[in-house]
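**Q** This is the structure I have questions about; it appears just below.
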Amino acid sequence: MLKRTSLAAVAVAGLLVTASGVPAAGPASVEIKDFTYGPSVLTVPAGAQVTWTNHDEESHTITSATGAFGSAGLSHDETFTQTFARPGTYAYFCALHPQMRATIVVR
Amino acid sequence: MDRMDRRGFLQCAAWTGAAVMWTAAGGVLSSRVVTPASAMEAPAGAFSFVQISDTHIGFKGQANADAAATLQQVIDRVNALPTRPAFVLHTGDQTHGQKAGAFDTVAELLKGVKTERTFYVPGEHDVFLDGGKEYLERYGQGTVGGRGWQSFDYRGTHFIGLVNVLKYKGEGMGSLGDEQLEWLAKDVAALGSSTPIVVFSHVPLWAVYPAWGWTTEDAERALGGLRRFGSVTVLNGHIHQVLQKVEGTVTFHTAMSTAFPQPAPGSAPAPGPMKIPEAEARRMIGVTEVAYVPGRQPLAIVDSTLG
Numbered sequence: 001m002l003k004r005t006s007l008a009a010v011a012v013a014g015l016l017v018t019a020s021g022v023p024a025a026g027p028a029s030v031e032i033k034d035f036t037y038g039p040s041v042l043t044v045p046a047g048a049q050v051t052w053t054n055h056d057e058e059s060h061t062i063t064s065a066t067g068a069f070g071s072a073g074l075s076h077d078e079t080f081t082q083t084f085a086r087p088g089t090y091a092y093f094c095a096l097h098p099q100m101r102a103t104i105v106v107r
Numbered sequence: 108m109d110r111m112d113r114r115g116f117l118q119c120a121a122w123t124g125a126a127v128m129w130t131a132a133g134g135v136l137s138s139r140v141v142t143p144a145s146a147m148e149a150p151a152g153a154f155s156f157v158q159i160s161d162t163h164i165g166f167k168g169q170a171n172a173d174a175a176a177t178l179q180q181v182i183d184r185v186n187a188l189p190t191r192p193a194f195v196l197h198t199g200d201q202t203h204g205q206k207a208g209a210f211d212t213v214a215e216l217l218k219g220v221k222t223e224r225t226f227y228v229p230g231e232h233d234v235f236l237d238g239g240k241e242y243l244e245r246y247g248q249g250t251v252g253g254r255g256w257q258s259f260d261y262r263g264t265h266f267i268g269l270v271n272v273l274k275y276k277g278e279g280m281g282s283l284g285d286e287q288l289e290w291l292a293k294d295v296a297a298l299g300s301s302t303p304i305v306v307f308s309h310v311p312l313w314a315v316y317p318a319w320g321w322t323t324e325d326a327e328r329a330l331g332g333l334r335r336f337g338s339v340t341v342l343n344g345h346i347h348q349v350l351q352k353v354e355g356t357v358t359f360h361t362a363m364s365t366a367f368p369q370p371a372p373g374s375a376p377a378p379g380p381m382k383i384p385e386a387e388a389r390r391m392i393g394v395t396e397v398a399y400v401p402g403r404q405p406l407a408i409v410d411s412t413l414g
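Top line first, the protein sequences correspond to chains A and B.
Just so you know, we're using this note's numbering here: the first sequence kicks off at 1 and counts up by one.
Just so you know, we're using this note's numbering here: the second sequence kicks off at 108 and counts up by one.
Take a look at the structure:
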């Protein structure tokens, strides 16, 4: 019974995502430029792959605030990809420049 | 080392940065950027040491295609000094994000410095990937509890190396932490107030520009316990440019990088590596001298550029 309830909740969330124009599937990307993650909030459906590309000469990381995921230092033009299987709000920052912060929202 | 002409020096020094040589004589500390032009004889009874910072081995980009080559150039200049430095202080960011093999490259290159030994403190680039494991395996020996911080005495001057990058995550600035601060208080407790103190760490121990994380959140707790001393010199790296500040008997000084310069605080959208047009090169380099007088006398600071 509990299982059914949570499945229903996910289904509702899925409908909302579609209604708000978030891509239903496929790859999503975050561009790092001038010490900023763009977009600062990226909303994706569950199961989406997110790829970060560092366009700065300085290295940056993608480091989960909770330790759930994390990259090494990305040099210029290097990328990092993470799959987000479960809905939730995932805050991350750059371990080298902690003032750089952004969020992935998985619906 | 082949003698480098002025034009050649200006061209490469524009973006290679330099080491800083410090001379201590009779309680007076003075510093200058290590260049052929700065060659000078040290006063009798003085000793000198060199600060090298932010070597960023592993960095590759338009700001510097070969950080190892520019470090080697700085080492050559240090070795050409008329007075051999007693030791070298490396104030962190040896590596660029712990790139594979980078620590080995730095160690190999620094073996070529004509000096007795080198002391290290880590930069965030040296520790962020593994929480300092590799760094402390290499450089933790002889430090307090293998944690990376340490103190030593040299000819009457007390040197203190502090670690302010291991609690870097999520704070946006450097941090020393309670344990280190408690150790520091004990470390200096027995010293007479006339003992010259030199503190070195990676991230500045003063608020250079907090918006870019160029500060240490609990530095005041460290400095508070040092204000009774007649002469305190604080040497930092991290910001890839020379900045100085005097606060009572405490002189703060940040060093250039040997790899690439960074913009002045707040002068750019972000503190990334700077690519310097050749025409501007002469404004970017210079000689800095700090005359440091213990006691109640004012401190004299002289900056002069080569351009």
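For each residue, glycine too, the CB sits at the ideal point set by N, CA and C.
No experiment lies behind these values; they were computed from the predicted model shown.
For B/Trp-319, which residues in chain A fall below 9 Å Cβ to Cβ?
**A** What B/Trp-319 touches in chain A: Phe-35, His-97 and Gln-99.
**Q** For A/Arg-107, is the classification buried or exposed, using 16 other Cβ atoms within 10 angstroms of its Cβ as the cut-off for buried?
**A** Classification of A/Arg-107: buried, given that the 10 Å Cβ count is 16 or more.
**Q** What number of angstroms, rounded off, separates the C-alpha of A/Tyr-90 from the C-alpha of A/Thr-66?
**A** C-alpha separation (whole angstroms): 8 Å.
**Q** Identify the continuous beta strand (DSSP E) that holds B/Asn-343 and give its terminal residues.
**A** Segment 339-343, the beta strand (DSSP E) holding B/Asn-343.
**Q** Please work out which residues of its chain come closer than 6 Å, Cβ to Cβ, to A/Arg-101, disregarding the five sequence neighbours upstream and downstream, and give them in chain order.
**A** Excluding positions up to five away in sequence, the list reads Phe-93.
**Q** Would a check of beta-carbon distances place B/Ala-377 closer than 7 Å to chain A?
**A** It does: the Cβ of B/Ala-377 has a partner Cβ on chain A nearer than 7 Å.
**Q** Within the 7 Å Cβ cut-off, does A/Ser-59 reach chain B?
**A** Cβ-Cβ to chain B under 7 Å: yes for A/Ser-59.
**Q** Would you say A/Glu-78 and B/Pro-380 are within 7 Å of each other, going by their C-beta atoms?
**A** Not a contact, by the Cβ cut-off of 7 Å.
**Q** If you compare alpha carbons, which of B/Pro-317, B/Thr-162, B/Val-341 and B/Leu-217 is closest to B/Leu-269?
**A** Comparing Cα positions, the closest option is B/Val-341.
**Q** Using the three-state DSSP reduction, which class does B/Thr-177 fall into: helix, strand or coil?
**A** Three-state DSSP puts B/Thr-177 in a helix.
**Q** Reducing DSSP to helix, strand and coil, say where B/Leu-283 ends up.
**A** Reduced to three states, the DSSP call for B/Leu-283 is coil.
**Q** Just by C-beta distance, which residues in the stretch 197-229 of chain B are closer than 8 Å to chain A?
**A** Going along the stretch 197-229 of chain B in chain order, one finds His-203, Gly-204, Gln-205 and Lys-206 with a Cβ nearer than 8 Å to chain A.
**Q** Just grab the DSSP bridge partners of A/Arg-101 for me.
**A** Looking at the DSSP assignment, A/Arg-101 forms a beta bridge with A/Phe-93.
**Q** Give the C-beta separation of B/His-203 and B/Ile-164 to the nearest angstrom, bearing in mind that I take them to be a contact with Cβ-Cβ under 8 Å.
**A** Indeed, because the Cβ distance is near 6 Å, the residues count as touching under 8 Å.
**Q** What number of angstroms, rounded off, separates the C-alpha of A/Pro-27 from the C-alpha of A/Leu-42?
**A** The alpha-carbon atoms of A/Pro-27 and A/Leu-42 are separated by roughly 12 Å.
**Q** Using alpha carbons as the reference points, say which of B/Leu-243, B/Gly-337 and B/Asn-171 lies closest to B/Gly-252.
**A** Of the candidates B/Leu-243, B/Gly-337 and B/Asn-171, the one whose C-alpha sits nearest the C-alpha of B/Gly-252 is B/Leu-243.
**Q** For B/Arg-254, does the three-state DSSP call read helix, strand or coil?
**A** Here B/Arg-254 sits in coil by DSSP.
**Q** Skipping 5 residues on each side, what residues in its chain have a beta carbon closer than 6 Å to that of B/Arg-328?
**A** Excluding residues within five positions, the ones whose Cβ falls inside 6 Å are Leu-288.
**Q** Apart from the five residues on each side of it in sequence, which residues of its chain come closer than 6 Å, Cβ to Cβ, to A/Ser-29?
**A** The answer, listed in chain order, is Thr-51.
**Q** When you compare the CB of B/Leu-283 with every CB in chain A, is at least one pair closer than 7 Å?
**A** By this cut-off, B/Leu-283 is not an interface position.
**Q** Along the stretch 236-260 of chain B, where does the CB come closer than 8 Å to a CB of chain A? Name the residues.
**A** Residues Leu-236.
**Q** By DSSP, does A/Ile-32 sit in helix, in strand, or in coil?
**A** Three-state DSSP puts A/Ile-32 in a strand.
**Q** Quick check for students: name the residue ranges of the alpha helix (DSSP H) that lie wholly in the stretch 289-328 of chain B, counting only runs of 4 or more.
**A** Those alpha helix (DSSP H) runs which fall completely within the stretch 289-328 of chain B and span 4+ residues do not exist here.
**Q** Taking the Cβ atom as the reference point for each residue, do B/Pro-417 and B/Ser-338 lie within a distance shorter than 7 Å?
**A** This structure cannot settle anything about residue 417 of chain B, because the visible part of chain B is limited to 108 through 414.
**Q** Given that B/His-443 touches chain A, what residues does it touch there, using C-beta distances under 8 Å?
**A** Only positions 108 to 414 of chain B appear in this structure, which leaves residue 443 of chain B out of reach.
**Q** At a Cβ threshold of 7 Å, is A/Asp-56 touching chain B?
**A** It does: the Cβ of A/Asp-56 has a partner Cβ on chain B nearer than 7 Å.
**Q** Nearest to B/Phe-226 by CA position, among B/Tyr-246, B/Gly-219 and B/Val-234, is which residue?
**A** Ranking B/Tyr-246, B/Gly-219 and B/Val-234 by Cα distance to B/Phe-226 puts B/Tyr-246 first.
**Q** Tell me which same chain residues have a C-beta within less than 7 Å of the C-beta of B/Pro-378, skipping the five on either side of it?
**A** Cβ within range, chain order: Trp-319, Gln-369 and Pro-370.
**Q** Measuring straight from C-alpha to C-alpha, what distance separates B/Arg-389 and B/Gln-179?
**A** The predicted model places B/Arg-389 with a pLDDT of 34, which falls under 50 and marks its position as unreliable, so this point remains unresolved.
**Q** Name the two residues that bound the continuous alpha helix (DSSP H) containing B/Phe-210.
**A** Note, B/Phe-210: alpha helix (DSSP H), 209-217.
**Q** When the cut-off is 7 Å and only beta carbons count, does A/Ala-28 lie next to chain D?
**A** Absent from the structure is chain D; the protein chains it does hold are A and B.
**Q** Using the three-state DSSP reduction, which class does B/Val-185 fall into: helix, strand or coil?
**A** Reduced to three states, the DSSP call for B/Val-185 is helix.
**Q** Span of the beta strand (DSSP E) holding B/Val-234?
**A** Unbroken run through B/Val-234 is the alpha helix (DSSP H), 231-234; no beta strand (DSSP E).
**Q** What are the residues that DSSP puts in a beta bridge with B/Glu-354?
**A** DSSP, once it has assigned bridges, lists B/Val-357 as partnering B/Glu-354.
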